[in-house]
Every structure is written in structure tokens, then in C-alpha cells.
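Here is the structure we will look at, set down as C-alpha cells.
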Amino acid sequence: MNTRINFIVVLYSTEPENSKTLRSLSNVDFSKYGIDATYCIQDNSLSGFDLSSIQGMLGHVNYYHSGENKKLSTVYNELIKDNGECDYYIILDDDSVIDNSYLLSLLPFFESNVKVAIPLIKHNGDLISPGRISGVRGHALKESDVDVGIVKSSNLVAMMSGTVLSKSIVEELKFDERLSFYGVDTKFFLSYARIYDVLFILNTTLEHESALRDNLSDFNSLKRRLTNLILSKVYVFDDVKFHRIKISLYVLAFVSKRVITTRNLSYILLLNTIRSIMAKAK
Numbered sequence: 010m011n012t013r014i015n016f017i018v019v020l021y022s023t024e025p026e027n028s029k030t031l032r033s034l035s036n037v038d039f040s041k042y043g044i045d046a047t048y049c050i051q052d053n054s055l056s057g058f059d060l061s062s063i064q065g066m067l068g069h070v071n072y073y074h075s076g077e078n079k080k081l082s083t084v085y086n087e088l089i090k091d092n093g094e095c096d097y098y099i100i101l102d103d104d105s106v107i108d109n110s111y112l113l114s115l116l117p118f119f120e121s122n123v124k125v126a127i128p129l130i131k132h133n134g135d136l137i138s139p140g141r142i143s144g145v146r147g148h149a150l151k152e153s154d155v156d157v158g159i160v161k162s163s164n165l166v167a168m169m170s171g172t173v174l175s176k177s178i179v180e181e182l183k184f185d186e187r188l189s190f191y192g193v194d195t196k197f198f199l200s201y202a203r204i205y206d207v208l209f210i211l212n213t214t215l216e217h218e219s220a221l222r223d224n225l226s227d228f229n230s231l232k233r234r235l236t237n238l239i240l241s242k243v244y245v246f247d248d249v250k251f252h253r254i255k256i257s258l259y260v261l262a263f264v265s266k267r268v269i270t271t272r273n274l275s276y277i278l279l280l281n282t283i284r285s286i287m288a289k290a291k
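Heads up, my numbering is the position in the sequence shown plus 9, with the first residue counted as 1.
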């Protein structure tokens, strides 16, 4: 019996025909891998893309468009709830390539009975997912430090793209809708680790763009993204004792390091987030 997988793809600014994800999915013969594939497309663009172009690539899809850039946490919860006829969900953004390596890596995961699987993700050759959490800070891992297969889930976090979720885990654990975009993935994996002590790392690597790691000439855009990332920590780490104080200290250290390494005093503006962080305690 084939494994039923629902692929959830979120589009925002990339035209469907230019999406690496949709193009790669359209080229796969899933029957060769014992997979019955269905698709949910969340169109988070303002005006909406041409549905016929998506259907021309994938055939029948469940298409969702509201004219707003909906919170990813809400998108995931709603689409999963609305599409229950599957064994697993795979969450993807618009620039992930699903290829033979990725699909073959799923087979040992399906046999493991583990609830969640993640791929390795790189940006410009550097490993950016998974990572480790210590207190209220994230830490990068070296590829040599990451084992594939079944691993301990404690303090291990990952980006959502390429993540495989069993139907049973999404019935048990929802995405935190206090979070919009940043922190959605981290909160999910920390919550998962409090329930299950292992997850599965797939023996495959996805390449991924990273807005926070690319060199942005527009500091205001970077500042906005960093501000949203910092403020998301208030909810991500709300079970950590004195988390607001620890996050504020993290901001001080982060800003100091950025000012010294970049010689850009504009980073001092991020200190304004401390007021917002502490205000949430009232």
C-alpha cells in the first residue's frame, strides 16, 4: 500500500512557474517511491497567482488564497485540519528542490515509527538547519556534529521546509498562532521535544535562501526582520524562567557584537526591542 503524503507549499512573491519547489514536484513520478501525492498550495500574495499555471504543473491541487500574507502558524494549522486524508504532511517553501535523494531518504523514516523528520538545510554551503538551543539562544551546528537517523530531540530545532510530520503528531501538537513567521518552527520543535524524546534526521540536504543571512543593502529591511525575530523569542521561550530578562541580555550582547564587527551604529536601534520585551511582562 502506498504512503499518502500531502505536500503543503506556501507561495508569496515567487510566480508558480518560477518556484523551484513546484517545478521539482511536477517532475517526480511518485509511484516509483510508493507515494500517493496530494498538494495544498497556500497563496500568500496580495492579488493571487494564476491557478491554472499551478494546475498545469501539478494537476489537481487544493488552492488557498485570501489576499493577505497570513501567519504561517495559522496556515499550517488550517491546511492540516482541512486535508486529513493522508499519512504524512511535508511542509515546503517556494525554493526547495524535492529530488531523488530527498524521496529515498523518506523510506527509512517511514519504517522507524518516529513522528517527525527533518532534512539537513544549507545556505551557500553552510549548514543552517538543524541547530541547537541553549537558554534563549540558538547555536549553529557543524555538519560533522549531526547524525542522520534517529536522534535525541532535546534542544534540537530546525527550519520547517522539508519537515515531515506524521498525521498522529499534528493531531496532538498544533503550531503556536501567537507567532506569525519567525519562531514558528523553533517553538514547534521545542514543544515536540517535551512530548517525544527522539526525531529523525533524513539523509539528504536541501539548499535554502536566508533573508537574515544574505547581505542586505537596505538596513531598514534587515532591522525589521531582526526586530520580528527578537520579539518572537518572547513566545518561543515563554517556558524559560526569567525569559524576558534573558532575551533582553541577549539583545544587548547581539547589538554590541554587531556594532563592533560591522562598525554600523544603526544596530543600536535594535535596543528599542528591549522596551517591548519587558512591556509584555506587565
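Glycine included, each C-beta is placed from N, C-alpha and C at the ideal position.
Alpha-carbon to alpha-carbon, residue j and residue i
i       : j       : result
Lys-124 : Arg-146 : 25 Å
Ala-149 : Leu-136 : 8 Å
Asn-281 : Leu-60  : 42 Å
Ser-241 : Gly-192 : 6 Å
Gln-64  : Ile-17  : 15 Å
Asn-273 : His-132 : 24 Å
Glu-77  : Val-155 : 38 Å
Val-84  : Asn-53  : 9 Å
Val-157 : Phe-118 : 10 Å
Ser-40  : Thr-213 : 20 Å
Ser-143 : Lys-151 : 16 Å
Val-173 : Ser-114 : 11 Å
Asn-122 : Val-179 : 15 Å
Ala-202 : Val-249 : 14 Å
Lys-255 : Gly-68  : 49 Å
Glu-218 : Gly-134 : 11 Å
Arg-267 : Asp-227 : 16 Å
Neighbourhood of residue i by C-beta, 8 Å cutoff - its chain only, sequence neighbours within 5 removed
i       : result
Ala-167 : Ile-127, Ile-130, Ser-138, Pro-139, Gly-140, Asp-194, Phe-198
Asp-206 : Lys-161, Ser-162, Ser-163
Boundaries of the beta strand (DSSP E) in which residue i is found, first to last residue
i       : result
Arg-141 : 140-143
Ser-175 : 172-175
Thr-2   : Examination of residue 2 is not possible in this model, given that the chain is present from 10 through 291 alone.
7 Å Cβ shell around residue i - same chain, five flanking residues per side excluded
i       : result
Leu-116 : none
Ile-89  : Tyr-98, Val-179
Leu-55  : Gly-76
Cys-95  : Arg-13, Ile-14, Asn-15, Thr-47, Lys-176
Closest residue to residue i among the options (Cα-Cα distance)
i       : options                          : result
Asp-108 : Arg-13, Tyr-205, Ser-33, Leu-280 : Ser-33
Lys-232 : Val-264, Leu-101, Asn-78, Ser-75 : Val-264
Leu-211 : Glu-120, Leu-88, Asp-227         : Glu-120
Glu-186 : Ser-143, Lys-196, Ser-153        : Lys-196
Ala-288 : Arg-267, Ser-257, Leu-165        : Ser-257
Asn-86  : Lys-176, Asn-27, Gly-134         : Lys-176
Ser-230 : Ile-269, Leu-279, Glu-94, Cys-95 : Leu-279
Segment limits, alpha helix (DSSP H) that includes residue i
i       : result
Gly-65  : 60-67
Val-260 : 252-271
Asn-15  : That residue, Asn-15, is in no alpha helix (DSSP H); its beta strand (DSSP E) goes 12-20.
Asp-194 : 193-202
Asn-306 : With the chain represented from 10 up to 291, any question about residue 306 goes unanswered, as that position is not in the structure.
Glu-120 : 109-121
Lys-90  : 81-91
Ala-288 : 281-288
Test item: CB-CB of residue i and residue j under 7 Å
i       : j       : result
Ser-260 : Ile-277 : Position check: residue 260 holds Val in this sequence, whereas Ser was assumed. For Val-260 and Ile-277, no; Cβs fall outside 7 Å.
Ile-14  : Tyr-97  : yes
Phe-184 : Ser-82  : yes
Val-6   : Ile-50  : For the chain, the structure presents residues 10 to 291; residue 6 sits outside this window and is missing.
Leu-215 : Ser-105 : yes
Ser-162 : Leu-208 : yes
Met-169 : Ile-99  : no
Val-243 : Ile-283 : no
Leu-182 : Ser-200 : yes
Ser-35  : Met-66  : yes
Asn-11  : Ile-44  : yes
Sequence-distant residues of its chain with Cβ nearer than 6 Å to residue i (five each side left out)
i       : result
Phe-246 : Val-145, His-252
Leu-112 : Tyr-42
Lys-291 : For Lys-291, the pLDDT reaches just 44, beneath the cut-off of 50, and the residue's location in the model is therefore unreliable, although a value from the coordinates is still provided. Cβ within range, chain order: n/a, list empty.
Leu-342 : Any question about residue 342 goes unanswered here, given that the chain covers just 10 to 291.
Thr-47  : Asn-15
Leu-31  : Pro-25, Met-66
Ser-110 : Thr-213
Lys-80  : Ser-189
Asn-237 : Tyr-191
Lys-29  : Asp-104, Val-106
His-3   : Absent from the model: residue 3. The displayed extent of the chain is 10 to 291, so no value can be given.
Tyr-72  : Ile-50, Leu-60
Any non-hydrogen atom of the ligand COA closer than 6 Å to residue i Cβ
i      : result
Ile-63 : In terms of ligand content, the structure shown is empty, and the ligand COA therefore cannot be addressed.
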